[in-house]
Every structure is written in C-alpha cells, then in structure tokens.
Amino acid sequence: METSPRSCPVPVNSDLESSERFKQTFDAIYCINLDRRQDRWEQFQKRIPGDWPFREIERVSAVEGKQVPAPEWWKQGNGAWGCYRTHLQLIENALNRGLDSILLLEDDAEFCPDFTQEVIQFLDAIPEDWGMLYLGGQHLYVNAYPPQRISERVFQPYNVNRTHAFALRGRTMKKVYQHLCRRDWQNGHHIDHHLGRFHQRREDPIYCPDRWLIGQAEGRSNIAGKSFQLRYWKDAQEIDKIRHEEAPFVGVLGLHSSGSSCLAGVLHHLGFHMGNEFSGYYGKNPESQKCGFEAVGLSSLCEQAFPFPETKSKWLTERIENQLRLWINEKRREACEKNTIAGGKYPQLCLMGNALHAICQDHLKLIVSNRPIEQSIESLCKRFPDIDSEIIIHHQKILENGKQELIGKLRQSAVLIVEYEELLQSPRKQMERIIKFCEINPSEEQMEKACHWVDPNLQHVGRLVKPGAFKRT
Numbered sequence: 000m001e002t003s004p005r006s007c008p009v010p011v012n013s014d015l016e017s018s019e020r021f022k023q024t025f026d027a028i029y030c031i032n033l034d035r036r037q038d039r040w041e042q043f044q045k046r047i048p049g050d051w052p053f054r055e056i057e058r059v060s061a062v063e064g065k066q067v068p069a070p071e072w073w074k075q076g077n078g079a080w081g082c083y084r085t086h087l088q089l090i091e092n093a094l095n096r097g098l099d100s101i102l103l104l105e106d107d108a109e110f111c112p113d114f115t116q117e118v119i120q121f122l123d124a125i126p127e128d129w130g131m132l133y134l135g136g137q138h139l140y141v142n143a144y145p146p147q148r149i150s151e152r153v154f155q156p157y158n159v160n161r162t163h164a165f166a167l168r169g170r171t172m173k174k175v176y177q178h179l180c181r182r183d184w185q186n187g188h189h190i191d192h193h194l195g196r197f198h199q200r201r202e203d204p205i206y207c208p209d210r211w212l213i214g215q216a217e218g219r220s221n222i223a224g225k226s227f228q229l230r231y232w233k234d235a236q237e238i239d240k241i242r243h244e245e246a247p248f249v250g251v252l253g254l255h256s257s258g259s260s261c262l263a264g265v266l267h268h269l270g271f272h273m274g275n276e277f278s279g280y281y282g283k284n285p286e287s288q289k290c291g292f293e294a295v296g297l298s299s300l301c302e303q304a305f306p307f308p309e310t311k312s313k314w315l316t317e318r319i320e321n322q323l324r325l326w327i328n329e330k331r332r333e334a335c336e337k338n339t340i341a342g343g344k345y346p347q348l349c350l351m352g353n354a355l356h357a358i359c360q361d362h363l364k365l366i367v368s369n370r371p372i373e374q375s376i377e378s379l380c381k382r383f384p385d386i387d388s389e390i391i392i393h394h395q396k397i398l399e400n401g402k403q404e405l406i407g408k409l410r411q412s413a414v415l416i417v418e419y420e421e422l423l424q425s426p427r428k429q430m431e432r433i434i435k436f437c438e439i440n441p442s443e444e445q446m447e448k449a450c451h452w453v454d455p456n457l458q459h460v461g462r463l464v465k466p467g468a469f470k471r472t
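In structure tokens, the structure reads:
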C-alpha cells in the first residue's frame, strides 16, 4: 500500500514538553485518498490546523473499488468494498509493523475551530485504557441507547457510524481486525455498520468527545456518489442534553409528616431514581425500613433556601431556580443512564412550585401525598416539641397553599393524588395507579419490595390519628 508523508508545521504551542507528549499519542496517522482524487488531498492539506499537535500525516492510496473486484458474497457496492479493504489493510499493516496505535482519517475530514485545544482537552480526559476513539462520526440508536457520560468531556458510545476520523490501539485494534475479517456481515452493511456491531458488544474501551471534533467537508462522496454540505452530526453532549431535559421528573409533593417519605420509598423500590445518597429525620439507609428518601443534595438546597420552620426564602428566586435546575437535570441525566425516571422528595418543594414548573414545564409530573393537615401538624409537633405549635401550624399551612397552587398550574393528567391512609391500607392498589400514571414496568421483585416497605406499624410512617383528634395549643 503506497503511503507518502505530509510534513506538518511545528506547533505554535510553546510548551514543548506538552507538544512532544501529544505527538506520541498515535504511532502513525493515515489519510485515505484515491489516486484519481488529488484535488481532495490538496484540499485536505489546506484544512489541517496550523498548530497540528500530532506526528506527520501519511497519505494512503485508497483501494479503487472500480478496479479491484469484490467477491460474490459482497453486496454493498464497489465504493464500499474499496473503503473496507483500505481500512482493513491499514490495520493489518499497523499490526504487522508492531504499531500500538493509529489514527485513521479520510480526505473529507474537516477539523473543528480550535481543534488542537479541543483534542488535547479530550485526550487529557480519556481513561488510560482506551482502545478505540472516535473524533468524528454519527451516533446511532440514541433513543434506546444514548452515549453514556464518562466525564465532562468523555462519553462511551453505543454505535458510531462513519469512518472519517477514528483511532485504534492495542488489544482493541487486534479485535477490530478479527471482527472485520469475519464473514457474518449483514446485508447492506458497509464497514461503519459492521464496526457498529462491534461497538454494541460493549466489551472494549471505546470513547468519543462530548462534541465532535472532526466533521465531513462538503463535496461529492466517492462511496455514495452524492454531493453533501459540511456535516457534523449530533454530538454526545447535545444528545445527552436533549434526552435528559426532555425526560420526565416526578416531584413527590407533600407537607412534613404527610406520608411523603413512605410514598418516596415506594417510588425508590419501584425503580425510580430518587437520589444517590439520602438523609433526613427517618434515616438514610434505603435498604432498611427507616429512610426518609430525601436526597442529600436536594434537602441541603431546600433547607438553605427555606430553613425549617421558616416560610420566607433566604435566596433570590433566580438562585432557587438555578440551583434546583442543576440538581434536577443531574438526576434526570443519571436516570436516563439507568433507563428509569428521576424523582425528588422534600416538603419545601411545596414552596418551589414556580421553579419546578419553569424547569420541567410539560415534563413535570406530581405524585401528591395527601393526609389531613391536622394529622400532619400533630405528628410534626410531636417531632419538634421545642418549636411553638403556632409556628408549625403556620408553616404547614403555607406549604399546603404552595402545594395547591402548583397542582392548579398543571394539567389534570400530570397530577396523581395518593391518599396516605389508602397507601397504608392498600399499597399494591396505589402502586398500580403509580405504575399506570408514570408508564413504568417494574418487576415483581420490585413490587414486592415496595409493598414490604409500606408498613403502618413502623415509626417512619407514623400512626394515623382519628380525624378531629388534633387540638391546637
């Protein structure tokens, strides 16, 4: 296979040690170009950043599919055959030469603005075990299998299409070579589709940046035979943002001592993502029978904004919304990665209705824990005997007003009222309502755990008192 080096300018980066370090990232860098398309090679050279951080790029003469006949089993066309054979030969040659890592580019590769700075930040962030990197491409099957975030700059893709900018290293390079040599290609699949099947196994450390660093330049494709404009497909960051910001968020709304902890525990055991670490009056161990299911981050936020038993905010409205948005979006992103729904519970959310609605809009669902306010007040007074009962009464009434105001803002189909007493008496029936409301499909094991969690004899749910038994003092 004929190759020819293209001398790149010395990087303008004055940090020579850093420059040398990144020069050694890849043992070889190839650009695939048909001999009859010298124009594309010349255009490619002009697009190479002046501060190119890696070693020289070698031009590789691509296999001409029109001249090299494909075997009978190949049904994808001459251009696709040439593309496949060129990539396979490059990988084979690299292995034969004992190279540990290679970067493969095609002559339509278009580097993003500030490419050198961006790619260095990405390479600084990737795990040391990387076996395959995509600097450009197209994420497939993103609705069911979106890219998984590894860090702020790094994602693990499920299936990446396109072959204009990817790298291979070590054991993964050998496995990719073996995969490409197999004869189990699906009908109509080009090399990028076949590589996508390799990605989907999720057996190897394959990574991509949060934003694509290399697109495909405008021009006529040698394989598709069509002309295209400059193309950058949706990147992992955009997919991640769309996915989690359009994901539902379930707010468990209820006053103090209204049964909301019991309800939040039900959601947790049904598979909802209610937080990573819990705190609160009733305990913090979600596997025990004593847990309030109040996420640490959310409870801290709520108590800073509305420290109990106060009802006037210590924060400006804008700060409340910004901080709550950060927490909710983080939980929605985590929930999406777990293929579940995010939720949150804390009594002071009743005072944050405007922020909740502004953040989630039509993606907000409320599951309201309903208990007669007299009962919740009496329970709260017993919990905090040193606080004047009138202060507690005022606090609970303000929360109730906020709760009703938020309920009134939402369409009826976005609100589910769960009576606390009915949850204690008929937990499975109420769970079936929750399942239908949220359109989830929990396992029987999750249902059993959720039912077991609801026990009216345990302290964490309190004991219901008879209506009218509350006396103000």
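Just so you know, we're using numbering that gives the first Met the number 0 here: the sequence shown kicks off at 0 and counts up by one. Yeah, the Cβ is synthetic: ideal placement off N, Cα and C, and Gly gets one too.
Do residue i and residue j have their C-beta atoms closer together than 7 Å?
i	j	result
VAL153	ALA124	yes
GLN147	GLY270	no
GLU71	TYR29	no
ASP106	TRP40	yes
PHE114	ARG46	no
ILE397	CYS380	no
THR310	HIS394	yes
GLY78	VAL62	no
GLY214	GLY97	no
ARG210	ASP234	yes
Going by DSSP, which residues form a beta bridge with residue i?
i	result
ALA166	LEU102 and LEU132
ILE31	VAL59 and GLU105
HIS189	Looking at the DSSP assignment, HIS189 forms no beta bridge with any residue, so it has no partner.
PHE248	ALA341 and LEU363
ALA294	PHE277
VAL414	LEU365
TYR206	LEU132
VAL453	According to DSSP, VAL453 bridges with nothing at all.
LYS283	CYS290
ASN160	GLN137
ARG96	Answer is none; ARG96 lacks a bridge partner.
ILE390	None, per the DSSP bridge assignment.
ILE213	PHE110
PHE154	ARG148 and CYS207
HIS272	ALA341
Short of 8 Å in beta carbon distance, which residues of its chain neighbour residue i, apart from the five on each side in sequence? Order them along the chain.
i	result
PHE25	PHE53, ARG54, SER100, ILE101, LEU102 and ALA166
LEU15	Residue confidence is low: LEU15 scores 46 on pLDDT, short of 50, so the model does not pin down where it sits. Its coordinate-derived value is still stated next. Cβ neighbours of LEU15 beyond the five flanking positions: none.
LYS22	PRO52, PHE53 and ARG54
GLN120	ARG152
GLU333	HIS272, ASN275 and ALA341
GLN228	GLU217
Relative to the alpha-carbon of residue i, which residue among the options has its alpha-carbon at the smallest distance?
i	options	result
HIS193	LEU87, GLY64 and ILE406	LEU87
ILE190	GLN75, GLU63, GLY253 and PRO48	GLN75
SER388	GLU373, GLN303, ILE327 and ALA263	GLU373
LEU254	SER278, VAL367, GLU217 and PHE305	VAL367
LYS408	MET351, LYS283, PHE114 and ILE31	MET351
ASP385	ILE340, PRO308, HIS451 and GLU399	PRO308
ALA164	ILE439, GLY195, GLN120 and LEU132	LEU132
PRO268	GLU217, CYS450 and GLY401	As written in the sequence, residue 268 is His, which differs from the Pro given in the question. With distances taken between Cα atoms, HIS268 lies closest to CYS450.
GLN411	PRO68, GLN236 and LYS364	LYS364
LEU33	PHE21, ARG170, GLY49 and GLN66	GLN66
PRO112	GLU91, PRO48 and SER60	PRO48
GLU443	LEU315, PHE436, SER60 and MET430	MET430
ALA108	PHE292, ARG161, GLY401 and ASN328	ARG161
HIS272	PRO68, GLN403, ARG35 and ILE439	ILE439
SER60	SER378, GLN37 and LYS240	GLN37
GLN322	ALA354, PRO306 and THR339	ALA354
GLN116	VAL175, PRO208, GLU377 and ASN284	PRO208
Please check the pair residue i and residue j, which I expect to be a contact at CB under 8 Å, by giving their CB distance rounded to whole angstroms.
i	j	result
HIS138	PRO156	6 Å
CYS301	GLN347	4 Å
PHE248	ARG331	6 Å
SER298	ALA304	Not a contact, Cβ separation roughly 11 Å.
VAL251	SER257	Their Cβ separation, rounded to whole angstroms, is 10 Å, which puts VAL251 and SER257 out of contact at 8 Å.
ALA246	ALA341	7 Å
ILE433	LEU415	7 Å
GLU242	CYS359	According to the sequence shown, residue 242 is Arg rather than Glu. Between CYS359 and ARG242 the Cβ distance is about 14 Å, and since that is not below 8 Å, they are no contact.
TYR419	ARG382	In fact, because the Cβ distance is near 16 Å, the residues do not count as touching under 8 Å.
MET172	LEU104	Incorrect: roughly 16 Å between the Cβ atoms, too far for contact.
LYS337	PHE292	Incorrect: roughly 16 Å between the Cβ atoms, too far for contact.
ALA357	GLU320	6 Å
By Cβ distance below 6 Å, which residues in the same chain neighbour residue i in space, the five residues on each side in sequence not counted?
i	result
TRP129	PRO204 and TYR206
VAL118	LEU212
GLN185	none
VAL295	GLU276 and SER278
TYR83	ILE190
Return the chain-ordered list of same chain residues with a C-beta closer than 7 Å to the C-beta of residue i, the five sequence neighbours on each side being excluded.
i	result
ILE238	HIS138, VAL141, PRO145 and PRO146
HIS198	PRO156, TYR157, ASN158, VAL159 and ILE205
VAL453	CYS261, VAL265, LEU422, LEU423 and PRO426
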